[in-house]
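Peer 1:
Protein chains: 2
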Amino acid sequence: MTDTFNKELQQIAARVRAIFADDALRPDFAPETLLEAALAYPSAGGKALRPALLAWCCRMLDGPEDAAVRAGAAVELYHTYTLVHDDVIDRDPLRRGQPSVHARMAKIGRAQFQLDNEETAHYGLSMAILAGDCLHCWAVKLLATLPALGADPAVALRLVERLQGVVGPAIVEGEARDIELPFTPVAEVTEAEMLQVIRTKTAALFAYCGWAGGLLARGVEDDAVRALAAFAEHAGIAFQLQDDVLGLIADEATLGKPVGNDLREGKRTLIIALGWARASAAQRAELAAVLGNQQAGLAEIAAATGLLRQSGAIADVQALASRYLDQALGHLAALPASPALALLRELAARMVIREK
Amino acid sequence: MTDTFNKELQQIAARVRAIFADDALRPDFAPETLLEAALAYPSAGGKALRPALLAWCCRMLDGPEDAAVRAGAAVELYHTYTLVHDDVIDRDPLRRGQPSVHARMAKIGRAQFQLDNEETAHYGLSMAILAGDCLHCWAVKLLATLPALGADPAVALRLVERLQGVVGPAIVEGEARDIELPFTPVAEVTEAEMLQVIRTKTAALFAYCGWAGGLLARGVEDDAVRALAAFAEHAGIAFQLQDDVLGLIADEATLGKPVGNDLREGKRTLIIALGWARASAAQRAELAAVLGNQQAGLAEIAAATGLLRQSGAIADVQALASRYLDQALGHLAALPASPALALLRELAARMVIREK
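This is the structure:
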């Protein structure tokens, strides 16, 4: 299966890139540097997970492949828009080992206009806000062109409505919570709250992929469409739980960003919440010295990670990710047999069993 | 006419407010503070110009009023999203005499989480980015619900496609140029370039109002729809030219923001470009000392404004605004008679002949 899977995934990725490069599908837009900077994200190691998920969910129900791939490209752009704004908000200089959009634009601005440090940073963040806005527009525009590929306009409009009325606001809500949680005492952060952040910030867009792929095939939201959405949502939650694990224990070169950044940023994750609840007073003091401390050194990060590991918090979150993966696969069981089934199974597994 | 006009305009504004308050039309979204902050813009002195323009253009062609008002509400939200992001980019603490979204959110964050100055500012801008993103989603969601009011889904989808594929990217392009122009020597800024910024940043959304109102009535883009779009675009250009004039010569209390801010921010406007071209070397030195100088005092601003007035630049831009208004009205002449004609004429006139 793995060979077929890789070939199929690469095909989806290539088709998505072709859509990004199609002038007729691009927004009317002049400053090329902005789009280049924004498109660096899906190009640099973008695995086209979301487009593949949407396209194969559509294939599960014998839906139209071209429309599904274009909708998948729209989701990838939408995801990229949220990453660009998120990196501004998190002041993250790197994304997938490359400069984030605001860092890249700041460098361009400094060179072009000889700006001082403060103006350079503000130029970078201003352009990144606009780049994200443009990607947001572009994503929705792509959905609006689906009737040109034979999709029912009413179905295309429902794709737009759910993306903008449910998914986009959920992502904003998740990010807003993500901003505020570091100011909340760790002891007050509950497991339910952490899972809610994951559901909104990450899993909502995955769920959308399952739902949209199904709706393009069926035209109405029936049980099969709902099963695909539930499959994709559970896989998305598993993906994010694993992401939090990798942020602490991955190999730094493989990960493409400093390991332990979540700790330095004081990000609240389920691992932190569980680890804190199980820690002694002395251990909590050790964790507290690292959480949100941008200056925390490698040794302190390693010690805090060691604590979280010993408490069983990391293993428990990994086990929870596996349970969500199982639940995801369970939702596939109710669907009619299809050659896409094996692809979806492997995709879900890879969203969890991975090293970066 | 004026009484009828005011009554009709207030009716549109009230209907738009009712749409904003309708939970069924709102995005699923938890942090209420974000939405409240963002909705302060259309509430504080929002004149509902754009919704009225769209609704009356639709009425000109006997189109469906309910759908047009909802589309107008969508445009107002879209406009608000761009203002929220623009205020972050321009670091503007005020909008219509009230704190801008990032300033308001910063204050809330400081009180709630006891942040220091730098973190307070970053919290405010982060939340303003998200508030803008949420308004962007909400606007498009409203368009996607138009079939519930009887609109053809294919027409609703075309409204989405043009907003996201043409208008939104045009606004982004205009803002990007607006960011970069202050770094460009005034002498190199051309009239054509300044008009292009106005066309993209401001007039594109006005043109969309004419086009969308027409399309909702006709279902296809015919000559009447194009005439309404051209009418609205020309009125939009006239509106912005007048805005630049008022930014220099209005009464400060009426305007709701410091007069002369465009000069302090080093904004490039057509007035500056024309005034500079006509100034002597000594006068240019005087202008240069004020342009982009945030510390410029009232006396310096007054002297620079005096120079621009004496050069005839302000009067010429005002005359140009009048010419665009005439052209706008000219486009109405080709349309069939309608009771909405008088409303559109007065609306266009008020977009130019105003004190704030």
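Chains C and W, in that order, give the protein sequences. Letter 168 of the first sequence, counting from 1, is numbered 168 in the working numbering, and no numbers are missing. Letter 35 of the second sequence, counting from 1, is numbered 1035 in the working numbering, and no numbers are missing. Glycine residues also receive a C-beta, built at the ideal position from the N, C-alpha and C atoms.
For C/LEU215, which of C/ALA13, C/ILE12, C/MET60 and C/PRO31 has the nearest alpha-carbon?
Peer 2: When each option's Cα is compared against that of C/LEU215, the closest is C/MET60.
Peer 1: Looking at the strands, I want to know which residues DSSP matches up with W/LEU1094.
Peer 2: Answer by DSSP bridge pairing, in chain order: W/PRO1099.
Peer 1: Could you tell me which chain C residues have their CB closer than 7 Å to the CB of W/LYS1141, listed as they occur along the chain?
Peer 2: Simply GLU161, GLN164 and GLY165.
Peer 1: May I ask whether a heavy atom of the ligand NAD can be found less than 8 Å away from the beta carbon of W/CYS1209?
Peer 2: Although the ligand NAD was asked about, the structure shown includes no ligands whatsoever.
Peer 1: Measure from the alpha carbon of C/MET351 to the alpha carbon of each residue in C/ARG264, C/ASP243, C/CYS209 and C/ILE249, then state which is nearest.
Peer 2: Residue C/ASP243 is the option with its Cα nearest to C/MET351.
Peer 1: By alpha-carbon positions, which one of W/VAL1166, W/ASP1316, W/ARG1226 and W/ALA1151 ends up nearest to W/THR1269?
Peer 2: Nearest of W/VAL1166, W/ASP1316, W/ARG1226 and W/ALA1151 to W/THR1269, Cα basis: W/ASP1316.
Peer 1: Under a CB-based cut-off of 9 Å, is W/PHE1206 close to chain B?
Peer 2: Although the question refers to chain B, the structure presented lacks it and instead comprises the protein chains C and W.
Peer 1: Please go through the same chain and pick out, in chain order, the residues whose beta-carbon is closer than 7 Å to the beta-carbon of W/ARG1095, but skip the five residues on each side of it.
Peer 2: Hits under 7 Å: TYR1041, LEU1083 and ASP1087.
Peer 1: If you draw a straight line from the C-alpha of W/ARG1026 to the C-alpha of C/ALA279, how long is it?
Peer 2: Approximately 42 Å, taken between the alpha carbons.
Peer 1: With C-beta atoms as the reference, is C/THR359 less than 9 Å away from C/ALA111?
Peer 2: Since the displayed chain C opens at 1 and closes at 356, residue 359 of chain C lies outside it and no answer follows.
Peer 1: For my contact list, W/LEU1241 and W/LEU1320 are in at a C-beta cut-off of 8 Å; report their separation, rounded to the angstrom.
Peer 2: Indeed, because the Cβ distance is near 6 Å, the residues count as touching under 8 Å.
Peer 1: Tell me which residue opens and which closes the alpha helix (DSSP H) that C/THR2 is part of.
Peer 2: From DSSP, the alpha helix (DSSP H) with C/THR2 extends over 2-21.
Peer 1: Hey, C/GLY72 and C/ILE12 are a contact pair by Cβ (cut 8 Å); roughly how many whole angstroms apart?
Peer 2: That pair is a contact at about 7 Å.
Peer 1: Can you check whether the C-beta of C/GLU193 is within less than 9 Å of a C-beta belonging to chain W?
Peer 2: No, C/GLU193 does not count as interfacial toward chain W.
Peer 1: Following the continuous alpha helix (DSSP H) through C/ASP116, name the residue where it begins and the one where it ends.
Peer 2: Unbroken run through C/ASP116: none, as it is neither H nor E.
Peer 1: Measuring only between beta-carbons, confirm whether W/GLY1247 sits less than 9 Å from chain C.
Peer 2: Cβ-Cβ to chain C under 9 Å: no for W/GLY1247.
Peer 1: To the nearest angstrom, how far is the alpha carbon of C/LEU146 from that of W/VAL1172?
Peer 2: Near 24 Å, if we compare the C-alpha coordinates of W/VAL1172 and C/LEU146.
Peer 1: If you count every other CB in all the chains shown that lies within 10 Å of the CB of C/ILE444, and 16 or more means buried, which is it?
Peer 2: The structure shown does not extend to residue 444 of chain C, since chain C spans only 1 to 356, so no value can be given for it.
Peer 1: Taking a contact to mean a Cβ-Cβ separation below 9 Å, would you say W/GLY1260 touches W/ILE1301 in this structure?
Peer 2: Contact flag set, yes.
Peer 1: Going by Cα to Cα distance, which pick from C/GLU193, C/VAL197, C/ALA103 and C/ASN293 is closest to C/GLN122?
Peer 2: Residue 122 of chain C is actually His in this sequence, not Gln. The shortest Cα separation from C/HIS122 among C/GLU193, C/VAL197, C/ALA103 and C/ASN293 belongs to C/ALA103.
Peer 1: So with Cβ pairs under 9 Å, would you call W/LEU1115 a contact of chain C?
Peer 2: Closer than 9 Å: yes.
Peer 1: Measure the C-alpha to C-alpha separation of C/ALA238 and C/GLN327 and round it to an integer number of angstroms.
Peer 2: Straight-line Cα distance between these residues: approximately 10 Å.
Peer 1: Measuring straight from C-alpha to C-alpha, what distance separates W/THR1120 and C/ASP222?
Peer 2: Distance between the alpha carbons of W/THR1120 and C/ASP222 is about 47 Å.
Peer 1: What did DSSP end up calling W/THR1184 once you bin it into helix, strand or coil?
Peer 2: Reduced to three states, the DSSP call for W/THR1184 is coil.
Peer 1: For the alpha helix (DSSP H) holding W/ALA977, just list the boundary residues, first then last.
Peer 2: Limits of chain W in this structure are 1001 at one end and 1356 at the other, which puts residue 977 of chain W out of reach.
Peer 1: If I'm right that W/ALA1068 touches W/GLY1213 with Cβ under 8 Å, what's the distance once you round it to whole angstroms?
Peer 2: Confirmed, Cβ separation roughly 6 Å.
Peer 1: Hey, how far is the Cα of W/TYR1208 from the Cα of C/PRO258?
Peer 2: W/TYR1208 and C/PRO258: Cα-Cα distance of roughly 46 Å.
Peer 1: By the criterion of Cβ-Cβ separation under 8 Å, what are the contact partners of W/LEU1157 in chain C?
Peer 2: What W/LEU1157 touches in chain C: ALA144, PRO147, PRO153, ALA156, LEU157 and VAL160.
Peer 1: Would you say W/PHE1020 lies against chain C (beta-carbon separation less than 9 Å)?
Peer 2: Chain C, which has no Cβ nearer than 9 Å to the Cβ of W/PHE1020, makes this no.
Peer 1: For W/ARG1017 and W/ALA1154, what's the separation of their Cα atoms in angstroms?
Peer 2: Each residue's Cα considered, the two are about 27 Å apart.
Peer 1: Looking only at its chain, what residues have a beta carbon closer than 7 Å to the beta carbon of W/PRO1093, apart from the 5 residues adjacent to it on each side?
Peer 2: Hits under 7 Å: PRO1099, SER1100 and ALA1103.
Peer 1: Our contact map puts C/LEU142 next to C/LEU77 with C-beta atoms below 8 Å; I'd like the distance itself, whole angstroms only.
Peer 2: So it is a contact: roughly 7 Å between Cβ atoms.
Peer 1: Please report the distance separating the alpha-carbon of C/MET127 from that of W/GLY1124.
Peer 2: Distance between the alpha carbons of C/MET127 and W/GLY1124: 18 Å.
Peer 1: Which residues, taken in chain order from the stretch 1116-1130 of chain W, show a beta carbon closer than 8 Å to some beta carbon of chain C?
Peer 2: Those residues of the stretch 1116-1130 of chain W that come within reach of chain C (Cβ to Cβ, closer than 8 Å) are HIS1122, TYR1123, LEU1125, SER1126, MET1127, ILE1129 and LEU1130.
Peer 1: Given W/ALA1348, which residues of its chain have a CB within under 7 Å of its CB, disregarding the five upstream and five downstream residues?
Peer 2: Counting only Cβ-Cβ distances below 7 Å, and skipping sequence neighbours, we find ALA1235, LEU1325, ALA1328 and LEU1329.
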